[in-house]
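The numbering of the sequence shown is our numbering, which starts it at 33 and goes up by one. We treat Cβ as the ideally placed atom computed from N, Cα and C, and that holds for glycine.
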Amino acid sequence: KLGRGFAWLDTGTHDSLLQASEYVRTIEARQGLKIACVEEIAHHMGYIDDEQLLRLAEPLAKSGYGEYLRHLVR
């Protein structure tokens with residue numbers, strides 16, 4: 033059983049894959065959070081510090097994902 037805040041997304045067909053991607057896009061847009069952002073999880077759990085997170089964000093600086101990672105340190 034999945035706890036509150038978790039969802040199982042079946043992606044076994046083209047239609048279900050499209051539905052899953054639309055769900056992820058909607059949740060991320062409405063909540064302003066990324067789903068399964070491994071850098072964010074590592075930072076939150078203390079596996080990496082602010083400096084390491086910013087270093088990981090550098091190659092992605094021109095993308096929304098890189099911006100998101102940098103914003104986590106602010």
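Of D42, A61, Y97, V105, the smallest CA-CA separation from H75 is found for V105. Annotation for A52: L41, D42, T43 place their beta carbon closer than 8 Å to its own, counting only its chain and skipping 5 residues before and after. With respect to the 9 Å criterion, I67 and I80 are not classified as neighbours on the basis of their beta carbons. The DSSP assignment places complete alpha helix (DSSP H) segments of no fewer than 4 residues inside the stretch 57-82 at 70-76, in order along the chain. Out of L65, L50, T45, the CA that lies nearest to the CA of E99 is found in L65.
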